[in-house]
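Heads up, my numbering is the position in the sequence shown plus 86, with the first residue counted as 1.
Ideal Cβ positions, reconstructed from N, Cα and C, are used throughout, including at glycine.
Quick caveat, the model's predicted, so the values are computed rather than measured.
Here the structure is laid out as structure tokens; the discussion comes afterwards.
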Amino acid sequence: QGSFEWGQRVPFLDDYPGFTAGTGIADAVTRGTSIAAEHMITIGVLFATALAVALLVRVLGGSRFGAAVAVAMVTVSTVFATKLLAIRPEAMGYPLMLLVPVLAMDFVRARRRIDLVALGLAFAALAQIHGIGLTVSAVLTLAGLLALIVADRFSTGVVSWGRIGAVLGVMA
């Protein structure tokens, strides 16, 4: 058994059952006669990632314009574009990777249980898709939560810049 990608046995993917499940489901839907399902998944992932990027910028206190610029930068980046256009399954983890910190910061602010449940589900799903995305998401979440603490402690007129600076500082 094990994990296969493009007809080759890839043992390291056995740790992430969600990694190849997306393309497997898409292929099963069309029985290998069309890649229409893959194209629909690609478009869905593109929009989901754009939304996740915009939400992350906004939850960090950025403007709508800043969110639009961030969406443009991420969606045309080489890493994202090549993985998405090559129908690489880990691209499906990118929206989750960015939504986990959003949900964590929203939970800290609003203390709604639904945010905590969604956070747990998103984190668990991401763990099944891509380990690197899980690690990046954990770092972004910790940086975002630290930024909230710093911003709340030193609340001034430049709170959003303080949050963004704290996130960049922790990530560096």
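Give the single residue among the options whose Cα lies nearest to the Cα of residue i.
i: Leu231; options: Leu212, Ala158, Val188; result: Val188
i: Glu124; options: Ala196, Val225, Pro175; result: Pro175
i: Ala190; options: Ile121, Val131, Gly130, Leu234; result: Leu234
i: Ala167; options: Asp201, Val203, Ile129; result: Ile129
i: Gly152; options: Val222, Leu207, Ala136; result: Ala136
i: Ala122; options: Ile173, Arg198, Asp201, Arg197; result: Ile173
i: Arg195; options: Ser163, Ser223, Gly147; result: Gly147
i: Phe209; options: Arg197, Ile218, Arg198, Ser223; result: Ser223
How close, in whole Å, do the beta carbons of residue i and residue j come, if the pair is a contact with beta carbons under 8 Å?
i: Lys169; j: Ala177; result: 4 Å
i: Ile127; j: Gly179; result: Not quite, the Cβ-Cβ distance comes to about 13 Å (not below 8 Å), so this is no contact.
For a quick check, are the C-beta atoms of residue i and residue j less than 8 Å apart?
i: Leu220; j: Ala229; result: no
i: Val145; j: Asp192; result: yes
i: Thr161; j: Leu132; result: yes
Between the segment 131-144 and the segment 180-199, do at least 3 Cβ pairs fall closer than 8 Å?
-> yes
Can you give, in chain order, each stretch of the alpha helix (DSSP H) that sits fully within the segment 129-193 and has at least 4 residues?
-> 150-161, 164-171
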